[in-house]
Structure formats: C-alpha cells, structure tokens
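A.B. asks: Pasting a structure below so you can have a look.
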Amino acid sequence: MFKKAKSEVSITLDPDATIAFEHKGFHENIRFAIIMAQFFGVMPLHNIQNNIHEIKFKWKSIRLLYSVFNSVATILRTMKIIKKAKSEIAITLDPDKSIAFEHRGFHENIRFAIIMAQFFGVMPLHHINNNIHEVKFKWKSIRFFLYTQMAFYVCNFLAGIQLIQIARHWSQILREWSFVEMAMRSYAHQINLKKKFVILTTLFMSVGLVEHLLFILNSIDQAEYCIGFDENPVKYALGVAFPNYFTLVKYNHWAGAIVKFGNLIATFTWIFADLLITLISIALTAKFRQIVKRLENNKVMHEKFWREIRQDYHRLYHLCKTVEEQLALLVLISYIHNIFFLCIQLYNSIGDRTGIIESIYFFYSFGFLVFRLLVVSMYGAWLNDEARKPLEFLYSVPSEHYCTEISRLIEQIYTNPVGITGSGFFLVTKNFLLQMAGTIVTFELMIFQFAPVAKNRQIATTDYDCNLL
C-alpha cells in the first residue's frame, strides 16, 4: 500500500521542473511540505500541483485509504498496549474479595475507581489492593512504559484523524487565502517564503529521520543483552523496541515489519503536525507584516487609506479564523503531546544510561523535542505580535488626521486578538511561552528534589523484557 501511495504521490511531481523560489502564493509555498507528508499518509489531497480550484479531497482514493490504514493501525497498537496493561493490572485484583460498601477510609473508597482507570492507561500505581504504606508509583515499570507508549499512539491517532479533517477543508482554506492575496496584491512583496518552507520541511524531516535511526540503533544495542540475540538479532531488537506487542503476538518478520513501519508513520505524523502549525504561522505572520510595512512607508493620511487598511486587516482576521477552525484541535493535541513527553524526558535525564548509543539517542531526541516545541511556540507568538504592531502607528497618527476608521481598527485589534489557539483553551503568545516554560522548570525542580530516590530505583531495576512469543 505504501508503494502504491508513493506512486500516486509521484505523479504530482514534474520531472522537468526545477524548484524555483520566486514570490508565490500560500499554496505554492506549502506544496512541497504537503507532497512530503503524503509519503507518510498525511494530507490525502489530489491535484496539488494544479491551481487551488482543482485541488480536491476524495473519499474514494488510495491516498485516503493509506491515511485511514495508518490511523487504524495506530489505534490497534493502542489496543494491544491496553491488553498488555490489563494483564499487568489483573495481578492487583483479589478474586476472593467481594466488593463491600461498609465505611472505609479514602484509599478504600477510591480504590475501585483507580483499578478501573488502570484499564485505560491512567493512574499507573502498584499494590493498590494493599494498605496505603505499600502503594507505590514506579517510574521504571512496565505499567509506566505501557502508558507512555499508549499516550504516544493515542495522540498520533488523534493527530492523524485531525489531519484528515484539515485535508477535507484544505480547498476552502486555500480559496480564502487566495482571496486575501488578491485583495492585497498592491502591497509590497513578502519575503521569500517558498525557500523558507522547503528548508524547514527538509530540516524537520531529516532530523526526524536521524532520530528514528538512533532509536533503531539503541534498540539493537539493548537487545544484545538478550539470550538468543545472535541467532535472531532482528527479532530481539524489535522485541526490545516494542515489548507491549511481541509479548502478546507471536513474532514473525511480517509482523515485525508492519509494527516498525507503523511506528515510523506515527513518528512522522507527530513531526508533520508541528511542521504544519509552524508553516501556517509563518505565512500568516508574513501577511500581517505586509500591512505593517505599508503603514511604515505611508505618507498619506486621508480616510480612504485607513479604510483600505482596516478592510484588509479584517480580511486577514477572517482568514485567521477560517484557519483556526480547522487547526485549533491539532494545536491542542500537539501541545499536550509535546509537553507530556518533555516532562517524561526531563525525568529520564536524571537516570543512568547503559551505553554511548543510548546517551546519544536520549539527548538528540530530547533536543529535537525541545526544538520543535520552541519553534511552534515562537512562530505562534510572533504571529500575535505582528498582528498587534499596527497599534504603534495608529497611536502616532496626528490628531488632525484622526478618523473613525482608525478608531474602528484600534477597537478590532484590541477586542479580537489574532494568533494560534488550542481550541480556545489558550492563545500562543510570548506570555504563554513564559508561563509554559515556568511550569516545566517547576516540574524539573520537583524532579531533582526526588532525584536520588528515583535514580537508585532505576539502577536497581535495569533489565530488559526479552521473553518473546
């Protein structure tokens, strides 16, 4: 199916064409990123080499089938993890005990809810059927590992579904964007975005590929400690990388290839979600910068000029809202995913690593995660800053040239903030970035406070699950 999808994507590329970086519209700028995404089952659009009126989303197409296949495979892997977690949780249930409702303490009262939660990857506690002094949370445990894997696949499943939803409405976004570009064609040309988009897309994808290769090398390095590794190194390398799967399903090379390919697709779905948010933020920021540049170079103060500026700003605001309707949920998923794994990585940073390959993989992966989170946040914050910059010029207009249009524009900028939002839960600004950084630093300080205990526990339980079916 991947080979078929690859051939489908390849027909959109003109072999006689060279990559030109002249000024283009949004569709021309972002097209390279979409073509790259389609190799990994994301953004199943057709006719992307044509003009925006010919771009289509088709329910009956091999590209959509490829995207749906990847999403379904992701949720199936999640179900395998739940099954594994369920078997682990089962040891905490005492079959000889009946549920009695006499008066108990808080732990006795809430225990049933925690047991139920553990079937769905929540509250990975140990010894919850014992007294409160024996209840423990273990960072280095199969439950915590399974729930981390579950969070990875659930977030990528949701991101994959949301990217299909964005693809459904992509032609609508492009038409709205084209309308704004036509209305602002008299403005000074924006910076060369196509070249910037190609560079960012290549950077994200290539760095992500190197990270995945390090993940494979780290799995091989750890699998060398398994008995039987020399006879079947691929089997044990995949077993160490995906113990939640191959302790439930008998290993064979086809199953190993499918699981590995699915993991690769899920990883690049995560990366592309961050990339898409970044590219759209850059493109919107460039449009607002055109308005700012026109205000900087303006020598005319009549009311007609300010009416044109206000109308163009309103068109851009409407474009941002159109984009936000489709992008907001993906932004929320992206931040939850990135921050969750950043916190996990922060804790793992205090543990001992068994070799040079594991150390390189950890710090490389951690750096790439921080880089993506910073890039998404900074470009989102710059969009909000650029949308507010016209206020500097509006406040400096001489009183004799002040008019109703200026007043209306000031009111719109104040009452309708522009930026990337996470489904209305937050607006990405510089203040939000500082608040997020403060929260993460607080979490890190809390981790280092308990680091000695956690570190000793990690050293005492350094082993690998090599018992494959």
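Under my numbering, the first residue of the sequence shown is numbered 1305, with each subsequent residue one higher. Where a beta carbon is used, it is the ideal one built from N, C-alpha and C, also for glycine.
(1) For residue 1462, which residues from the same chain have a beta carbon less than 7 Å from its beta carbon, with the 5 sequence-adjacent residues on both sides left out?
(2) Taking C-alpha atoms, which residue in 1564, 1502, 1604 lies nearest to residue 1579?
(3) Name the two residues that bound the continuous alpha helix (DSSP H) containing residue 1673.
(4) Cα separation between residue 1742 and residue 1369?
(5) On the criterion of 16 or more Cβ atoms from any shown chain inside 10 Å, does residue 1725 qualify as buried, or is it exposed?
(6) On the criterion of 16 or more Cβ atoms from any shown chain inside 10 Å, does residue 1625 qualify as buried, or is it exposed?
(7) Straight-line CA distance for residue 1780 to residue 1338?
(8) Assign residue 1348 to one of two classes, buried (16 or more other C-beta atoms within 10 Å of its C-beta) or exposed (fewer than that).
(9) Measure from the alpha carbon of residue 1512 to the alpha carbon of each residue in 1573, 1650, 1495, then state which is nearest.
(10) Tell me whether residue 1592 is buried or exposed, calling it buried when 16 or more other Cβ atoms sit within 10 Å of its Cβ.
(11) Excluding sequence positions up to five away, which residues of its chain have a Cβ less than 8 Å from the Cβ of residue 1669?
(12) Tell me which residue opens and which closes the alpha helix (DSSP H) that residue 1574 is part of.
(13) Helix, strand or coil for residue 1704? Go by DSSP, reduced to three states.
(14) Taking residue 1505 as the reference, which of 1341, 1748, 1731 has the closest Cα?
(15) Give the DSSP-derived three-state secondary structure of residue 1350 in the structure shown.
(16) Could you give the DSSP three-state label for residue 1499: helix, strand or coil?
(17) Give me the Cα-Cα distance between residue 1627 and residue 1706, rounded to the nearest whole angstrom.
(18) Can you round the beta-carbon distance between residue 1262 and residue 1482 to whole angstroms, since I take them to be within the 8 Å contact cut?
(19) Nearest to residue 1346 by CA position, among 1678, 1333, 1471, is which residue?
C.D. replies: Here's the rundown:
(1) On the sequence shown, position 158 is the one that residue 1462 refers to. If we look at residue 1462 and ignore the five residues flanking it on each side, its Cβ neighbours are 1637.
(2) The residue labelled residue 1579 in the question sits at position 275 within the sequence shown. The shortest C-alpha separation from residue 1579 is found at 1502.
(3) In the sequence shown, the residue the question calls residue 1673 occupies position 369. 1660 to 1692 is the span of the alpha helix (DSSP H), which, as asked, contains residue 1673.
(4) Along the sequence shown, one-based indexing puts residue 1742 at 438. Along the sequence shown, one-based indexing puts residue 1369 at 65. Rounded to whole angstroms, residue 1742 to residue 1369 spans 42 Å at the Cα level.
(5) For the purposes of this step, residue 1725 is identified with residue 421 of the sequence shown, where counting begins at 1. The residue in question, residue 1725, is buried, as its Cβ has 16 or more Cβ neighbours within 10 Å.
(6) By 1-based counting over the sequence shown, the position of residue 1625 is 321. Exposed, since its Cβ has fewer than 16 Cβ neighbours within 10 Å.
(7) Given that the chain is displayed from residue 1305 to residue 1773, the structure contains no residue 1780 and the question cannot be resolved.
(8) For this step, residue 1348 is matched to residue 44 along the sequence shown. Residue 1348 is buried by the Cβ-count criterion.
(9) In the sequence shown, counting from the first residue as 1, residue 1512 sits at position 208. The shortest Cα separation from residue 1512 among 1573, 1650, 1495 belongs to 1573.
(10) Start at 1 with the first residue of the sequence shown, and residue 1592 comes out as number 288. Residue 1592 comes out buried.
(11) The residue given as residue 1669 occupies position 365 in the sequence shown. A distance below 8 Å between beta-carbons, with the five flanking residues on each side excluded, links residue 1669 to the following residues of its chain, in chain order: 1515, 1518, 1519, 1649.
(12) Numbered from its first residue, the sequence shown carries residue 1574 at position 270. Segment 1557 to 1600, the alpha helix (DSSP H) holding residue 1574.
(13) In the sequence shown, residue 1704 corresponds to position 400, counting from 1. Reduced to three states, the DSSP call for residue 1704 is helix.
(14) Locating residue 1505 in the sequence shown gives position 201, counting from the first residue. Among 1341, 1748, 1731, the Cα nearest to that of residue 1505 belongs to 1341.
(15) For the purposes of this step, residue 1350 is taken as residue 46 along the sequence shown, with counting starting at 1. Residue state, collapsed to three classes: strand.
(16) Here residue 1499 is taken as the residue at index 195 of the sequence shown, counted from 1. Helix.
(17) Numbered from its first residue, the sequence shown carries residue 1627 at position 323. Numbered from its first residue, the sequence shown carries residue 1706 at position 402. Approximately 33 Å between the Cα atoms of the pair.
(18) Nothing in the structure corresponds to residue 1262, since the chain is present only between 1305 and 1773.
(19) The residue given as residue 1346 occupies position 42 in the sequence shown. The option with the nearest alpha carbon to residue 1346 is 1471.
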